[in-house]
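Visitor: Sharing a structure here in structure tokens format.
There are 2 protein chains.
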Amino acid sequence: MAKIKSSENSTKKETILEEAARLFYKKGFNAASMRDLAERLGVEAASLYNHIHSKAQILKDICMKVAEEFIANIEQVEAAEQPAIQKVEELLRFHIRKMIYKYEDVYVSDREWKHLAEPFLSEYRELRRNYRKRFAALIEQGVERQEINSINASTAVLIILHAVSGIESWHRSTQKITADLLEENMVTILVEGLRKN
Amino acid sequence: MAKIKSSENSTKKETILEEAARLFYKKGFNAASMRDLAERLGVEAASLYNHIHSKAQILKDICMKVAEEFIANIEQVEAAEQPAIQKVEELLRFHIRKMIYKYEDVYVSDREWKHLAEPFLSEYRELRRNYRKRFAALIEQGVERQEINSINASTAVLIILHAVSGIESWHRSTQKITADLLEENMVTILVEGLRKN
DNA sequence: CCTACCGATCGGTAGG
DNA sequence: CCTACCGATCGGTAGG
Chain A
0 MAKIKSSENS
10 TKKETILEEA
20 ARLFYKKGFN
30 AASMRDLAER
40 LGVEAASLYN
50 HIHSKAQILK
60 DICMKVAEEF
70 IANIEQVEAA
80 EQPAIQKVEE
90 LLRFHIRKMI
100 YKYEDVYVSD
110 REWKHLAEPF
120 LSEYRELRRN
130 YRKRFAALIE
140 QGVERQEINS
150 INASTAVLII
160 LHAVSGIESW
170 HRSTQKITAD
180 LLEENMVTIL
190 VEGLRKN
Chain B
0 MAKIKSSENS
10 TKKETILEEA
20 ARLFYKKGFN
30 AASMRDLAER
40 LGVEAASLYN
50 HIHSKAQILK
60 DICMKVAEEF
70 IANIEQVEAA
80 EQPAIQKVEE
90 LLRFHIRKMI
100 YKYEDVYVSD
110 REWKHLAEPF
120 LSEYRELRRN
130 YRKRFAALIE
140 QGVERQEINS
150 INASTAVLII
160 LHAVSGIESW
170 HRSTQKITAD
180 LLEENMVTIL
190 VEGLRKN
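Taken in sequence, the protein lines are chains A and B. Residue 54 in numbering that gives the first Met the number 0 sits at position 55 of the first sequence, with consecutive numbering throughout. Residue 71 in numbering that gives the first Met the number 0 sits at position 72 of the second sequence, with consecutive numbering throughout.
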């Protein structure tokens with residue numbers, strides 16, 4: 000009669016989602032089994048279904064949660080009064096920090112969303128596309144105002160977003176530089192690559 | 000009595016590997032089944048085993064082939080007589096072109112290598128680590144010679160390698176800029192981010 | 001290259 | 001939350 004131990008501030012479902020993110024991060028969605036997950040939580044697989052509906056729903060919940068956070072952030076950044084290049088830098092820093100401190104969730108939503116079931120697959124794809132468009136629009140604004148080098152905005156977005164996902168390697172590396180130094184290095188390389196001299 | 004159609008220049012095994020790369024790229028290694036693969040090749044699943052030993056071996060062959068290509072290239076670049084920053088640019092361009100023209104193989108080896116079985120998992124991890132070290136060494140050389148901005152070399156490598164994998168999005172995008180323009184844009188952003196003013 | 005088939009594992013349910 | 005279990009699918013083999 001083992002029980003899922005959840006801390007005071009989170010429900011059992013949240014505890015399951017958290018452990019699932021770690022597991023999906025490590026093994027990938029398809030290779031991770033519900034029996035795997037149950038074992039990590041100290042219960043039998045069948046017991047999980049008292050708290051969640053399906054494996055597919057777990058993935059959906061993780062992906063949508065992450066998507067909402069990024070959308071909320073870009074809305075705030077867009078509304079602020081500041082140069083476009085600074086907006087881009089803020090977006091970049093948000094991505095970096097999420098990848099440093101919440102990397103399992105972000106990584107899973109980034110790499111495993113293809114395994115979402117419809118209609119969430121289409122929905123997620125659309126959220127993603129929309130986010131990237133808005134990100135690119137900020138870069139284009141920077142190009143127009145001559146704050147940013149004349150480059151293809153979509154390419155820049157693609158580089159930035161994928162570069163950030165490289166933080167996954169940093170997590171697994173044995174000789175880590177500090178999180179702050181990592182952030183500054185990334186900002187230096189990526190923002191300087193954009194900035195107009 | 001369907002037969003695997005292989006072109007003049009390739010064996011049936013090579014044809015299987017090629018189709019497998021496309022399939023693993025699309026679905027991921029675990030979600031792709033041997034029955035999937037067989038169907039795409041127009042034969043029954045059991046027939047594949049006359050040409051390959053196992054699903055695991057297919058992944059291993061793809062990953063090792065890609066690894067060898069990159070290692071052969073870095074050896075050539077290291078041996079050339081030119082400024083470090085130009086060596087870095089050459090490595091970058093090689094990665095970009097591979098991702099443009101052979102993206103299924105590269106993408107699979109990059110994203111699915113975790114599913115390799117031992118001893119290949121350890122071997123591949125080591126090849127990867129070694130390659131990154133050599134890449135980082137070239138960047139460090141550039142920093143010492145003051146051709147490159149003073150940044151953490153490992154971080155730079157991590158950014159560059161992951162940024163390049165973003166070309167996958169470019170493949171799937173509906174409004175593609177040309178391959179040449181993509182390459183120049185990536186080089187601009189990434190190399191300018193490194194170059195010392 | 002195919003038919004026929006195996007043992008293992010999967011996500012999930014019934015019922016308590 | 002557990003025991004017991006199901007149907008589906010998987011990688012792979014035997015034998016021709």
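Positions of the beta carbon are idealized from the N, C-alpha and C atoms, including for glycine.
In the DSSP assignment, find the alpha helix (DSSP H) that holds residue 72(B) and state where it starts and stops.
Guide: 54-78
Visitor: With DSSP run on the structure shown, which of helix, strand or coil describes residue 150(B)?
Guide: coil
Visitor: What is the C-beta distance between residue 158(A) and residue 147(A), in whole angstroms, given that I count them as a contact (C-beta under 8 Å)?
Guide: Between residue 147(A) and residue 158(A) the Cβ distance is about 13 Å, and since that is not below 8 Å, they are no contact.
Visitor: Here's a check: name, in chain order, each residue in its chain whose Cβ is nearer than 7 Å to the Cβ of residue 28(A), leaving out the five neighbours to either side.
Guide: If we look at residue 28(A) and ignore the five residues flanking it on each side, its Cβ neighbours are 58, 111, 114.
Visitor: Are any of the Cβ atoms in chain B nearer than 8 Å to that of residue 53(A)?
Guide: By this cut-off, residue 53(A) is not an interface position.
Visitor: So does the stretch 170-180 of chain A actually touch the stretch 71-78 of chain A, counting three or more Cβ pairs closer than 8 Å?
Guide: no
Visitor: Using DSSP bridges, identify the partner residues of residue 194(A).
Guide: 147(A)
Visitor: Whose C-alpha, out of 64(B), 125(B), 78(B), 85(B), is nearest the C-alpha of residue 101(B)?
Guide: 64(B)
Visitor: Here's the rule: buried if 16 or more other CB atoms are within 10 angstroms of the residue's CB, otherwise exposed. What is residue 31(A)?
Guide: Around the beta carbon of residue 31(A), 16 or more other beta carbons sit within 10 angstroms, so the residue counts as buried.
Visitor: Determine whether the Cβ of residue 141(A) lies closer than 8 Å to any Cβ atom of chain B.
Guide: no
Visitor: Could you tell me whether any Cβ in chain A is nearer than 8 Å to the Cβ of residue 27(B)?
Guide: yes
Visitor: From residue 33(B) to residue 61(B), what does the alpha carbon distance come to, in whole angstroms?
Guide: Just so you know, the alpha carbons of residue 33(B) and residue 61(B) end up roughly 16 Å apart.
Visitor: Should residue 170(A) be labelled buried (16 or more other beta-carbon atoms within 10 Å of its own) or exposed?
Guide: exposed
Visitor: Start and end of the alpha helix (DSSP H) containing residue 107(B)?
Guide: 102-110
Visitor: Among residues of its own chain, excluding the 5 on either side of residue 97(A), which ones have a beta-carbon nearer than 6 Å to its beta-carbon?
Guide: The answer, listed in chain order, is 105.
Visitor: Whole-angstrom Cβ separation of residue 92(A) and residue 186(A), contact assumed at under 8 Å?
Guide: Yes, they are in contact, since the Cβ atoms of residue 92(A) and residue 186(A) sit about 7 Å apart, within 8 Å.
Visitor: Kindly indicate which residue of 89(B), 164(B), 11(B), 84(B) has the alpha-carbon position closest to the one of residue 41(B).
Guide: 11(B)
Visitor: How is the alpha helix (DSSP H) around residue 14(A) delimited, first residue to last?
Guide: Annotation: the continuous alpha helix (DSSP H) that includes residue 14(A) extends over 11-26.
Visitor: Mind listing the chain A neighbours of residue 212(B)? Cutoff is C-beta to C-beta under 8 Å, in chain order.
Guide: There is simply no residue 212(B) to check, as chain B begins at 0 and stops at 196 in what is shown.
Visitor: Are the CB atoms of residue 156(B) and residue 131(B) within a distance shorter than 8 Å?
Guide: yes
Visitor: For the stretch 183-195 of chain B, enumerate the residues whose C-beta is nearer than 7 Å to any C-beta of chain A, in chain order.
Guide: 184, 185, 187, 188, 189, 191, 192, 193
Visitor: Could you spell out the range, first to last residue, of the alpha helix (DSSP H) harbouring residue 172(A)?
Guide: Here residue 172(A) belongs to no alpha helix (DSSP H), and DSSP marks it neither H nor E.
Visitor: How would you label residue 52(A), buried or exposed, when you count the other beta carbons within 10 angstroms and need 16 or more for buried?
Guide: exposed
Visitor: Thinking C-beta only, is residue 50(A) closer than 8 Å to residue 164(B)?
Guide: no
Visitor: Any idea what DSSP makes of residue 95(A), helix, strand or coil?
Guide: Residue 95(A) falls in the helix class under three-state DSSP.
Visitor: Apart from the five residues just before and just after residue 9(B), which ones in its own chain have a Cβ nearer than 8 Å to its Cβ?
Guide: Leaving aside the five residues that flank residue 9(B) on each side, the residues in its chain whose CB is nearer than 8 Å to its CB run, in chain order, 17.
Visitor: Which residues in the same chain have their Cβ closer than 8 Å to the Cβ of residue 167(B), if we skip the five residues on either side of it in sequence?
Guide: 98, 102, 106
Visitor: Residues in the same chain with beta-carbon distance under 7 Å from residue 141(B), minus the five sequence neighbours each way, listed in chain order, please.
Guide: 83, 84, 87, 147
Visitor: Since residue 45(A) is in the alpha helix (DSSP H), which residue starts that stretch and which ends it?
Guide: 44-47
Visitor: On the three-state DSSP scale, how would you describe residue 121(B)?
Guide: helix
Visitor: Report, in whole angstroms, the separation of the C-beta atoms of residue 192(A) and residue 191(B), which I expect to be a contact under 8 Å.
Guide: Confirmed, about 5 Å.
Visitor: So residue 36(B) is in the alpha helix (DSSP H); what residue range does that whole segment cover?
Guide: 33-40
Visitor: Can you tell me whether residue 48(B) is buried or exposed, with buried defined as 16 or more other CB within 10 angstroms of its CB?
Guide: exposed
Visitor: Go through its chain and collect everything with a Cβ distance to residue 144(B)'s Cβ below 8 Å, but skip five positions before and after it.
Guide: 82, 83
Visitor: Mind checking whether the beta-carbon of residue 192(B) lies closer than 7 Å to any heavy atom of the ligand COA?
Guide: You won't find the ligand COA in this model; it holds no ligand whatsoever.
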